[in-house]
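Residue numbers (our numbering), protein chains in the order written: chain A, 1 to 372; chain B, 1001 to 1372; chain C, 2001 to 2384; chain D, 3001 to 3384.
Note that CB positions come from ideal geometry on N, CA and C, so glycine has one too.
Below is one structure, written out as structure tokens; the observations come after it.
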Amino acid sequence: MPQLVMDDEDGELAMLRDSVAAFAESNPGPKTVRALRGNGRDMDTAQWAEMAEAGWLGLMLPEELGGAGLGIRHQAIISEALGRALIPSPMAKASVLSSLLLAAAPDSAERVRLAEGLIAGSAIVVPAIEANGHLVRLNGRREGNMIRIDGHIEFVEAAHSATDFVVLAEIDGKTLALSIPANAAGLSRADKEGVEGTPLSILVLEDCRVAPEKCLIENVEAKTVEKAIDLARLAASAELSGNASRAFDMAREYTINRVQFGKPIASFQVIQHRLVDLWTEAEMAASAVVNAIEFLEGDDEKAARLAVLAAKARASDAASLIARRAIHLYGAMGFTDESDIGLYLKRAINLGGMLGQAEQLRRQFVIEERAA
Amino acid sequence: MPQLVMDDEDGELAMLRDSVAAFAESNPGPKTVRALRGNGRDMDTAQWAEMAEAGWLGLMLPEELGGAGLGIRHQAIISEALGRALIPSPMAKASVLSSLLLAAAPDSAERVRLAEGLIAGSAIVVPAIEANGHLVRLNGRREGNMIRIDGHIEFVEAAHSATDFVVLAEIDGKTLALSIPANAAGLSRADKEGVEGTPLSILVLEDCRVAPEKCLIENVEAKTVEKAIDLARLAASAELSGNASRAFDMAREYTINRVQFGKPIASFQVIQHRLVDLWTEAEMAASAVVNAIEFLEGDDEKAARLAVLAAKARASDAASLIARRAIHLYGAMGFTDESDIGLYLKRAINLGGMLGQAEQLRRQFVIEERAA
Amino acid sequence: MQTDWNALPDEEFRAIFREWVDANCPAELRFMRKQRPTYEEVKDWYQALSKKGWLSPVWPVEYGGMGLNPAKHMIYVEEWARLGCPRIPDHGIGLTGPLLIQYGTEEQKAEFLPKILSGEHLWCQGYSEPNAGSDLASLRTSAVLEDGHFVVNGQKIWTTLAHCANWIFVLVRTDKEAKPQRGISVLLVDMTLPGVTVRPIANLRGEKDFCEVFFDNVKVPAHRLVGEVNQGWTLAKSVLGHERIFLGAPTRPEYALGRLEKLANARGAFEDPAFLSRYAKLRLDLYDLGSSFERFAKILRSGGELGSDVSMLKIVNTELYQRITEEMLMLAGEESRYNDDLETENGDVDAMNLFLDSRAPAIFGGSNEIQRNILAKAVLGLPG
Amino acid sequence: MQTDWNALPDEEFRAIFREWVDANCPAELRFMRKQRPTYEEVKDWYQALSKKGWLSPVWPVEYGGMGLNPAKHMIYVEEWARLGCPRIPDHGIGLTGPLLIQYGTEEQKAEFLPKILSGEHLWCQGYSEPNAGSDLASLRTSAVLEDGHFVVNGQKIWTTLAHCANWIFVLVRTDKEAKPQRGISVLLVDMTLPGVTVRPIANLRGEKDFCEVFFDNVKVPAHRLVGEVNQGWTLAKSVLGHERIFLGAPTRPEYALGRLEKLANARGAFEDPAFLSRYAKLRLDLYDLGSSFERFAKILRSGGELGSDVSMLKIVNTELYQRITEEMLMLAGEESRYNDDLETENGDVDAMNLFLDSRAPAIFGGSNEIQRNILAKAVLGLPG
């Protein structure tokens, strides 16, 4: 079982892993996925509340905001474990990215309200600030005291369950980060069905008026938001790494148990070598994530940035490849909806397409590395 | 043994194949390759003379010029067989391309002289008209009666043995095809060592004066030359297809005979599947060449053009892939210079790099197909 | 009087066939997203073909077929694909029919063939079992002869469109003592008999294309046996003759590449040389697959027989199909997260549908690993 | 007094080591085209290291080594690679030395270790035979004990730099009756003895890196046996301990990618997004290989032992090296037809040299197929 290998002297990481495993016992991921899909629900809010209770939400919020003040290392362990167990949640966006945006904001009542809600699970704070890996800034203009927003943004998860959105708006050449209540006038949704059967929404803002106290950051630096997105990317990478690892384990177990021509198919050399290659990919994904965590904990911002791009690209490709190959190794069974392996593939595609695809991130890596 | 499969009702193609096989008996390709390399010789002129005697040179020259008036189908069979037997020669350029340039020229004494020499093997007529798959036009200007040429052109095969070169020169917006004797004043060579150990030359023309009667074509249309190049490409593709086929056979034979862990290594499933994939590539290359031949024999010029691009791309990649994998299957023996398999790889690279590389030809295919 | 199609020049036959099909196949059935529509969905088209006498291209004329030789059959299939006609439920036409024509009694032929043509009998094929996927020799569904009936017990799986069929021909074990590949027989079973249960299985795309079929003491009259008892393995293997080539026909990758091109045009992707380069590889792989397919088609046209080497087409075909659909998701960017079709100004592109569908052909009809095993032994003559 | 290197902080050791090496390794030996220069070519550097006491990083201090632990050894190797120092003939240091230190008699240690450090003895390793490549258990070179001598007969092959060596340690069969993996012993053989013949074999690049070594009734004194008789298999396998990690060190692909980048810069290829995309894949594969290498290096640094899983590095490493050099030929365009190095304004790029060289590492040191077999069994626990 490939996994993130990191120092864990005080056993904190192992405890986090165990706590997710216990959660998965009572909330098996595939069961939740099947229950959610096709009926228009975008997330399991009851489970989200449980996660809040477990202390997993707002993990990266600073202690001043009531957060655990833990780092990306702990977040990665949780995300990896969720990925392994296929537990669906908008963790990377509605916990990690939200936390980091709030952490970057100056003190304000709105910031405190959102942070408290996020930690308690009572507010579901969904950032809608990027698409296709690029920042999306909506059009804004001031009308007296109010800010008026127009525009739309695609690929918004949990847009039904959200209580608040965070968006970026461009006004007079400055970028503002705004909090918008989900029930604000002028805010509407159009849904598409996502690959996992849950909706991905297009958020449409038409003449949406935001009060000044809803402004979280007056002048957002792109760098700050990019850094927050990189941490969300890392969380998604860890989740993908967990997905890849478990899909590999499933392929291994299935081929050991499946007998054809009087032998377990895992005893055929072609299958063995293919499993070795898949295992290698899963191991490389895990190492890439650990590498990024270590750079993120260090001082070299550029190195950290590159390491995150590499980790997301590797983990996305590994998860998709392993699940595709696993389906093939399962044979006809892999092509059924009954088998969980297909759900792993769909999750891999879903997370792989989020926050920038592998190919795009690789090109970005080289361009940024060469720009040194 | 994958090979070009074509109708051969009168058995002509089989006879051509046999005649090359007989030639190869007395002139084993690998032996010739080893004899030529490293000592600066660029071709085996004695063998070239034998080929002339066998009637293989100028095969595609029209009968009015004393040629056999045979088509690309016959040329492909010869080229394929030469490729299989690894017999080195500048066939694609100094026979096929030369013939087609002469065929495209209006009647002239120079044209007749070159055609006669080509057929007899007494003139080695080397076209130096393209590099990297693109036409190269030298700078020309008229000085009184004479034409003065300046410029250089890379990757010229058989430049030592050549008796005459054919070059393109641009004068007053027109392209001329000129015949230049190898010993002309103002013509010199710089050599690089090619991958097969024979020189590839850079032809340098400095103040090289050409008499007007050496002008083969006064106003060359790019289309005419491109068509000639396409037929040379097809010949090279057939040679590559033969190379791929024989390299596959060698890998098959070696792995059947090589015993490790008490079994022929060809009995291991991983090796078997790899051989199947290599065989498939060789078969696809042969089919691609046949497809191009059939289009070349038809009326649809664009379809023929595309089919040639596809054939050259496929055959180049197949030959290189098969030889690389074959070397690996040979194990340490494959990494020795003693084994012929390395010579197949080097030939595959040499021909693959000639007249446009696979990747370039594929892009060209799509661009031209879409331009419809 | 029945036309002798085989006597027509190829191009004339092609023109006649195309013209009629183009005029009669309903527009809304062309280029369907669904690979396997049900009988109900294509009923009118099925009946139109039946009435015209063109439903069954290969059956001899005496049984109501067109009696096409392989060359003409190739044309039939090519035009069908080119015009985007839907696949019709074809197990009766493609499998039951040829089986009965070759091995059936006169009574069986008289009873069943007309009902296939009329659409009254919709057939499915009961080969695979839960523990006998690629390895048919280990099948366990049993049939015991008692009082003029075979009593059938066991389970089939991956039975395509069984829930839409009313007859099934099944491979059953009639001799448990014999070697695994002996002792197998073929029975024709009325699916309305007591003890037959069908359970559809949803696939990755959420569609129910295939089923489990359970047999619980199903009493099948003895005259429903095809050929001799215990010879079923030979029968089953011989049914697919030259038609194996169609497993390698580049229809699916062709369709998928067309969609990829449409999406790429809509998204301006051809401006990106990186995409162009990857597209070019796929385009040429498809083009060259066409050339290879043509090599085998030529053998059929000239009256030859296909060898095991034709399996190479199936491998290349199915793996190319996967690569094309993977590229489609890459091209889609974040839209790769959609199950819904992707919108373009020239109509929708079913990227995810194709991506998921492309997982199947490399598995079914003998996995590509099995195909490679066969090629290694039967064509390359490798030891062990 | 001898420094206790292991007691230094890593970065201090790194700084000390780098400074001296940078000052003392001759510039003309840096980043050599040749993977395996001969002793003559690197003699000065060898002697400088020897004099400094830094020739042998891992041997215990008492035998003249630096006694580095794995963590410090990693730094030694990393800095060596970063500064582009040439590989020195290292069979004595890397294989003979550790073998004798672990299994040799005091006499053997006293006789041989100093002469390795002085450069007087240049060792090579006689493992492979013509019919025992990946399959050492079937080796046939025999040694029969007669009158205090082992009489050795047989042939070794792929013996790296044997033509430049004067001593060889060979695996020989000393008991023909035993099971294949038993009955093997290790002998130290003076190559100037009568009956030893060396025939260099040219490789694909035309260089003579490896040789055949023939033994024709070579009389080897009995005290040249290492360890116990018939226990050679165990000895041979145990010599490479943590050093297996270096088979996976990304040195070669790193060097090759650097050349690719140089060529691409010179040819303006980064302007082509298609190249950029392919380059990015290679760059990231190398980057991620570094992360994976680091995972194993960390185990060594923290005093752990490596498992069989470290073999994954060797596979990724050697296959990446090949893909990088293949890309180099693609980038070269028609210049891919040159054996000669390719000229750029910033120096030559040895594209063909690297392309051909990259064929070797996937074969030698246990082919990648063998590595995958081992991983399948020892790490993944697959059956059969």
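Next item on the list: Report the residues of the region 2348-2371 of chain C with a CB closer than 7 Å to any CB of chain A, ordered along the chain.
Entry: Listed by position, the residues of the region 2348-2371 of chain C near chain A (Cβ gap below 7 Å) are M2352, R2359, A2360, A2362, I2363, F2364, S2367 and E2369.
Checklist line | C-alpha gap between A/K174 and A/L102, whole angstroms | finding: Cα to Cα, the separation comes out at about 18 Å.
Checklist line | Any 3 or more C-beta pairs closer than 8 Å across the region 319-327 of chain A and the region 3309-3327 of chain D | finding: In this structure the region 319-327 of chain A does not lie against the region 3309-3327 of chain D, because fewer than three pairs of beta carbons, one per stretch, are closer than 8 Å.
Check: Alpha carbon to alpha carbon, how far is B/A1319 from D/L3083?
Finding: C-alpha separation (whole angstroms): 38 Å.
Next item on the list: Using a Cβ-Cβ cut-off of 8 Å, state whether A/N132 counts as contacting chain C.
Entry: So yes, A/N132 belongs to the interface.
Check: Candidates A/N145, A/A190 and A/A247: which alpha carbon is nearest A/R209's?
Finding: From the listed residues A/N145, A/A190 and A/A247, the smallest Cα separation to A/R209 is found for A/N145.
Notebook entry, point to check: Which two residues bound the contiguous alpha helix (DSSP H) that contains B/K1312?
Noted result: Boundaries of the alpha helix (DSSP H) harbouring B/K1312: E1301 to Y1330, taken from the DSSP string.
Margin query: So, at 6 Å on beta carbons, what are the nonlocal neighbours of D/F3214 in its own chain, with the 5 sequence-adjacent residues on each side left out?
Written below: Within the same chain, D/F3214 has close Cβ partners Q3155 and T3197.
Note to self: Contact criterion: CB-CB distance below 8 Å. Does C/M2330 meet it with respect to chain G?
What the structure shows: Within the model displayed, chain G is absent; protein chains A, B, C and D are what it includes.
Notebook entry, point to check: Could you give the distance in angstroms between the alpha-carbon of B/A1123 and the alpha-carbon of D/I3245?
Noted result: Using only the alpha carbons, I get a separation of about 60 Å.
Item checked: Member of D/D3010, D/Y3103, D/V3021 and D/D3309 whose CA lies at the smallest distance from the CA of D/L3187 -> Restricting attention to D/D3010, D/Y3103, D/V3021 and D/D3309, the CA atom closest to the CA of D/L3187 is found in D/Y3103.
Notebook entry, point to check: What's the C-alpha gap between A/V167 and A/L97?
Noted result: Straight-line Cα distance between these residues: approximately 12 Å.
Next item on the list: At 3 residues or longer, and completely inside the region 138-166 of chain A: list those beta strand (DSSP E) runs for me, N to C.
Entry: Listed in chain order, the complete beta strand (DSSP E) runs (minimum 3 residues) inside the region 138-166 of chain A are 146-156.
Next item on the list: Have a look at C/E2345 and C/A2266 and give me their C-alpha separation to the nearest angstrom.
Entry: If you take the alpha carbons of C/E2345 and C/A2266, they lie about 7 Å apart.
Next item on the list: Assuming B/N1257 and B/Y1344 form a contact by the criterion Cβ under 8 Å, report the distance between their Cβ atoms to the nearest whole angstrom.
Entry: Your pair B/N1257 and B/Y1344 does not check out as a contact, with CB atoms roughly 18 Å apart and the cut at 8 Å.
Check: How about A/K263: is its C-beta nearer than 8 Å to some C-beta of chain D?
Finding: Yes, contact with chain D.
Check: Listing by chain order, which chain D residues have their CB less than 9 Å from the CB of B/M1354?
Finding: Within 9 Å Cβ-Cβ: E3334 and R3337.
Notebook entry, point to check: Looking at C-alpha atoms only, which residue of A/Q260, A/G353, A/F248 and A/Q360 is the closest neighbour of A/W279?
Noted result: A/W279 has its Cα closest to that of A/F248, out of A/Q260, A/G353, A/F248 and A/Q360.
Margin query: Taking 8 Å as the threshold (C-beta atoms), are B/V1289 and B/A1232 in contact?
Written below: No, these two residues do not count as a Cβ contact at 8 Å.
Margin query: Given this structure, state the Cα-to-Cα distance separating D/C3085 from D/R3030, to the nearest angstrom.
Written below: One C-alpha to the other measures close to 5 Å.
Check: Nearest to C/D2147 by CA position, among C/R2182, C/I2201, C/Q2181 and C/K2219, is which residue?
Finding: The shortest C-alpha separation from C/D2147 is found at C/K2219.
Next item on the list: Could you work out which residues of chain B lie near C/P2383, taking near to mean beta carbons separated by less than 7 Å?
Entry: Ordered by position in chain B, the residues that pass the 7 Å Cβ test against C/P2383 are I1256, P1264, A1266 and S1267.
Check: Beta-carbon of C/N2153 versus every beta-carbon of chain A: anything under 8 Å?
Finding: For C/N2153, no Cβ of chain A is located within less than 8 Å of the residue's own Cβ.
Next item on the list: Counting only the same chain and skipping the five closest in sequence on each side, list residues whose C-beta sits under 7 Å from that of B/G1140.
Entry: If we look at B/G1140 and ignore the five residues flanking it on each side, its Cβ neighbours are I1147, R1148, I1149, A1169, E1170, I1171 and L1176.
Check: Are B/E1193 and D/D3340 close, meaning C-beta to C-beta below 8 Å?
Finding: A distance below 8 Å separates the beta carbons of B/E1193 and D/D3340.
Notebook entry, point to check: Between the C-alpha atoms of A/W48 and A/A162, what's the straight-line distance to the nearest angstrom?
Noted result: Per the coordinates, the alpha-carbon of A/W48 lies some 12 Å from the alpha-carbon of A/A162.
Next item on the list: Taking only beta-carbon positions, decide if A/A288 is within less than 8 Å of chain D.
Entry: Under the Cβ criterion of 8 Å, A/A288 is counted among the residues facing chain D.
Notebook entry, point to check: Counting along the chain, where does the alpha helix (DSSP H) carrying C/H2073 start and finish?
Noted result: Taken as a continuous stretch (DSSP letters only), the alpha helix (DSSP H) holding C/H2073 covers P2070 to R2082.
Notebook entry, point to check: Which word fits A/S99, buried or exposed, when buried means at least 16 other C-beta atoms lie within 10 angstroms of its C-beta?
Noted result: Classification of A/S99: buried, given that the 10 Å Cβ count is 16 or more.
Note to self: Less than 8 Å between the C-beta atoms of C/K1996 and C/G2248, yes or no?
What the structure shows: Absent from the model: residue 1996 of chain C. The displayed extent of chain C is 2001 to 2384, so no value can be given.
Next item on the list: Could you check the C-alpha separation between B/F1155 and B/I1293 for me, to the nearest Å?
Entry: When rounded, the distance between both Cα atoms is 26 Å.
Next item on the list: With DSSP as the reference, label A/A358 as helix, strand or coil.
Entry: Under the three-state reduction of DSSP output, A/A358 falls in the helix class.
Next item on the list: Just the C-alpha distance for A/I217 and A/N350, rounded to the nearest angstrom, thanks.
Entry: When rounded, the distance between both Cα atoms is 30 Å.
Notebook entry, point to check: At least one CB of chain A closer than 8 Å to the CB of B/H1328: is that the case?
Noted result: No, its Cβ sits nowhere closer than 8 Å to a Cβ of chain A.
Check: What does A/Q272 pair with, by DSSP beta-bridge criteria?
Finding: Note: A/Q272 sits in no beta bridge, so no partner.
Next item on the list: Check the Cβ of D/S3138 against every Cβ in chain C and list those closer than 9 Å, keeping chain order.
Entry: Close to D/S3138, with beta-carbon spacing below 9 Å, lies no residue of chain C; the smallest spacing is near 18 Å.
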